[in-house]
Amino acid sequence: MLQKTRGLALSYIRYRETSIIARVYTEEFGLQSYIVNSVRTAKSKNNKIALFQPLTLLDMVVYNKPDRDIHRLSEIKTSHPFQSLPFEVSKSTIAMFVTEMLNKVLKEEAGSPILFRFLVDSVLFLEEARTNYENFHLTFLLKLSFFLGFGPESAREFENQLRENAYAFLPDDEMETALNSMVRQPFGTPIRLARAARNELLDALVAYYQIHIDTIGEVKSLPVLRELLS
Numbered sequence: 001m002l003q004k005t006r007g008l009a010l011s012y013i014r015y016r017e018t019s020i021i022a023r024v025y026t027e028e029f030g031l032q033s034y035i036v037n038s039v040r041t042a043k044s045k046n047n048k049i050a051l052f053q054p055l056t057l058l059d060m061v062v063y064n065k066p067d068r069d070i071h072r073l074s075e076i077k078t079s080h081p082f083q084s085l086p087f088e089v090s091k092s093t094i095a096m097f098v099t100e101m102l103n104k105v106l107k108e109e110a111g112s113p114i115l116f117r118f119l120v121d122s123v124l125f126l127e128e129a130r131t132n133y134e135n136f137h138l139t140f141l142l143k144l145s146f147f148l149g150f151g152p153e154s155a156r157e158f159e160n161q162l163r164e165n166a167y168a169f170l171p172d173d174e175m176e177t178a179l180n181s182m183v184r185q186p187f188g189t190p191i192r193l194a195r196a197a198r199n200e201l202l203d204a205l206v207a208y209y210q211i212h213i214d215t216i217g218e219v220k221s222l223p224v225l226r227e228l229l230s
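Those letters in the sequence shown? Residues 1 to 230, by UniProt numbering.
Here it is, written out as structure tokens:
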């Protein structure tokens with residue numbers, strides 16, 4: 001059956017000589033895999049493979065068969081062509097990290113319109129922001145954790161959960177204020193945080209996720225992001 005849905009591109013792998021299998025988080029069906037044929041040839045008449053770059057926002061018409069692991073596409077286009085996210089190093093590095101974390105934590109389950117709306121709003125903020133996005137990845141992980149069922153209500157709760165799991169995290173007043181602001185305020189809220197503190201909080205947030213989701217394992221983009229922020 002053909003059905004319309006919106007999607008957020010996460011990643012893709014090569015399949016056979018000219019095709020890919022793309023992972024997309026969809027509004028209607030949750031995490032799905034789609035085979036896309038003939039997108040890796042010199043004779044391809046369009047650049048459809050670009051639609052599956054990380055965090056691309058998609059409008060899709062799909063063949064949905066609940067008993068299948070891999071589905072097919074009928075129509076696809078981007079709903080919001082990016083002007084900055086893939087081209088600015090700081091944004092693309094943050095996007096790489098965010099995409100890796102989403103690939104690790106989003107599961108094959110029924111769609112969640114509320115979670116999907118949060119993801120779209122987050123990506124659009126990062127794309128359109130000109131200032132005050134240096135803490136985006138930190139705020140994003142904190143806010144995402146509520147949708148995953150383990151969001152901390154305050155900096156103190158975050159600290160206590162880490163300590164209970166033998167992770168030493170002792171934020172000073174500035175970091176505690178920043179954490180509370182990230183939990184409670186929207187993206188783009190000016191937050192004072194030194195670069196060293198930003199890296200310390202980044203490591204703590206990854207550890208926090210590893211405590212609650214034991215399949216996360218190594219986060220390969222983390223050293224690149226740390227280098228960018230140093």
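Backbone N, C-alpha and C define an ideal beta-carbon position, used for all residues, glycine too.
Problem set entry | Residue(s) in a DSSP beta bridge with Arg23 | DSSP output for Arg23 lists Ser11 and Ser33 as bridge partner(s).
Exercise. Relative to the alpha-carbon of Phe146, which residue among Met96, Ile114 and Asn132 has its alpha-carbon at the smallest distance?
Worked result: For the residues Met96, Ile114 and Asn132, the minimum Cα distance to Phe146 belongs to Ile114.
For this session: May I have the straight-line CA-CA distance separating Leu179 from Asn47, to the nearest angstrom?
Result: Distance between the alpha carbons of Leu179 and Asn47 is about 41 Å.
For this session: Just confirm the distance between the C-beta atoms of Thr26 and Leu57, as a whole number of angstroms; I'd bet it's less than 8 Å.
Result: So it is not a contact: roughly 12 Å between Cβ atoms.
Problem set entry | DSSP-derived helix/strand/coil call for Lys77 | Lys77: strand per DSSP, three-state reduction.
Problem set entry | Close beta carbons around Ala110, own chain, < 6 Å, minus the five adjacent residues each side | The residues are Gly30.
Exercise. What are the start and end residues of each continuous beta strand (DSSP E) run of 3 or more residues lying completely inside the segment 45-107, in chain order?
Worked result: Runs of the beta strand (DSSP E) lying entirely within the segment 45-107 and spanning at least 3 residues, in chain order: 57-63 and 70-78.
For this session: In the DSSP assignment, find the unbroken alpha helix (DSSP H) run with Phe143 in it and report its ends.
Result: Before going on, a small fix: residue 143 reads as Lys here, not Phe. Membership of Lys143 in the alpha helix (DSSP H) is indicated by the continuous run Phe136 to Leu148.
Exercise. Which residue from Ser11, Asp69, Val24 and Glu159 puts its Cα closest to that of Leu205?
Worked result: A check of alpha carbon separations from Leu205 across Ser11, Asp69, Val24 and Glu159 identifies Glu159 as the nearest.
Exercise. By the 10 Å Cβ neighbour count, where 16 or more other Cβ atoms means buried, how is Leu106 classified, buried or exposed?
Worked result: A buried status is given to Leu106, since no fewer than 16 other beta-carbon atoms sit within 10 Å of its beta-carbon.
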